[in-house]
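Engineer: The structure is given below, and queries will be raised subsequently.
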């Protein structure tokens, strides 16, 4: 997968997840549906279009193979197995944040999952420390559930890593990557390492005020951050493997 497609898919998922949380927060705050839905929908579509415009500009500026639009096919927009699994997991994470986690704070399975993830993921412990100000509301369990989904997704995608790398090689024979195979793998690898330090290790939680976790940025970070990190790690590994011989 080229950088442009990776950025485009990540940006669309980010905007849709943020839009869904914005709509839920507006409805929870008492805003009527007929007012909240058009406002949030239009803002979400504008943000999606803005991001895709920049991504399209990058793709056009770095394209070396002629007219960009003439080489776009419908299959480029069809999700593969990994993308479909990722989308389903994002939907499950959102549903857990909104409908399940706030009402299941003290259930034994919830406590068991939180303890297991806190043992395995330093970032979970860092988040629980950041929420010591008394702000929970299911956020600790939502984070643990998101990390569980991220681990499952990463393990599943890694089992098909050679297949993904082979597909990347086939794509590059028809359309070489604008950045080059090695620079792209390097950029994704550096981004993955930074993401691991910030989210998995938990360095980012020390710089976020506790009140922010009750707002939209906190909801996105808790529910989407682990899954986006897993997707980035898989993409980095697949592109790195694709730089070598078959």
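In the numbering used here, the protein residues as written are 1 to 246.
Just so you know, even glycine gets a beta-carbon here, dropped at the ideal spot from N, CA and C.
If you scan the stretch 139–202 from start to end, which runs of the alpha helix (DSSP H) of 4 or more residues do you find wholly inside it?
Structural biologist: 139–158, 161–174 and 181–195
Engineer: Taking buried to mean at least 16 other C-beta atoms within 10 Å of its own C-beta, is residue 65 buried or exposed?
Structural biologist: Note that residue 65 scores a pLDDT of 47, beneath 50, so its modelled location is shaky; the value from the coordinates is reported in the next line. The residue is exposed, with fewer than 16 neighbouring Cβ atoms inside 10 Å.
Engineer: Considering just the uninterrupted stretch of the alpha helix (DSSP H) at residue 237, what are its terminal residues?
Structural biologist: For residue 237, the uninterrupted alpha helix (DSSP H) run begins and ends at 216–242, by DSSP.
Engineer: What residue does the alpha helix (DSSP H) around residue 204 start on, and which one ends it?
Structural biologist: Run containing residue 204: none; DSSP gives neither H nor E here.
Engineer: Taking C-alpha atoms, which residue in 152, 116, 205 and 206 lies nearest to residue 230?
Structural biologist: Comparing Cα positions, the closest option is 152.
Engineer: Relative to the C-alpha of residue 93, which residue among 207, 20, 12 and 170 is closest?
Structural biologist: When each option's Cα is compared against that of residue 93, the closest is 20.
Engineer: Between 213, 116, 162 and 161, which has its C-alpha nearest residue 138's C-alpha?
Structural biologist: Selection 213, 116, 162 and 161 evaluated against residue 138 yields 213 as nearest (Cα-Cα).
Engineer: Is it buried or exposed for residue 133, if we count other Cβ within 10 angstroms and need 16 for buried?
Structural biologist: An exposed status is given to residue 133, since fewer than 16 other beta-carbon atoms sit within 10 Å of its beta-carbon.
Engineer: Taking a contact to mean a Cβ-Cβ separation below 7 Å, would you say residue 238 touches residue 161 in this structure?
Structural biologist: Judged by beta-carbon spacing, residue 161 lies within the 7 Å limit of residue 238, meaning their Cβ atoms are closer than that value.
Engineer: So residue 23 and residue 7 are supposed to be a Cβ contact under 8 Å. How far apart are they, rounded?
Structural biologist: That pair is no contact at about 24 Å.
Engineer: Between the Cα of residue 117 and the Cα atoms of 147, 196 and 28, which residue gives the shortest distance?
Structural biologist: 147
Engineer: Does the distance from the CB of residue 51 to the CB of residue 11 come in under 7 Å?
Structural biologist: yes
Engineer: Exposed or buried, what is residue 141 when buried is set at 16 or more other beta-carbons lying within 10 Å of its beta-carbon?
Structural biologist: buried
Engineer: Quick check: residue 236 and residue 189, are their CB atoms within less than 7 Å of each other?
Structural biologist: yes
Engineer: Among the residues of its own chain, which have a CB less than 8 Å from the CB of residue 102, if the five just before and after it don't count?
Structural biologist: 137 and 138
Engineer: Near residue 219, which residues of its chain fall below 7 Å by C-beta distance, leaving aside the five closest residues on each side in sequence?
Structural biologist: Closer than 7 Å at Cβ, skipping near neighbours: 21 and 97.
Engineer: Rounded to whole angstroms, what is the Cα-Cα separation between residue 105 and residue 111?
Structural biologist: Put simply, the backbone Cα of residue 105 is about 8 Å away from that of residue 111.
Engineer: Taking only the alpha-carbon atoms, compute the straight-line gap between residue 26 and residue 42 and give it to the nearest angstrom.
Structural biologist: 14 Å
Engineer: Answer with buried or exposed for residue 143, where buried requires no fewer than 16 other C-beta atoms within 10 angstroms of its C-beta.
Structural biologist: buried
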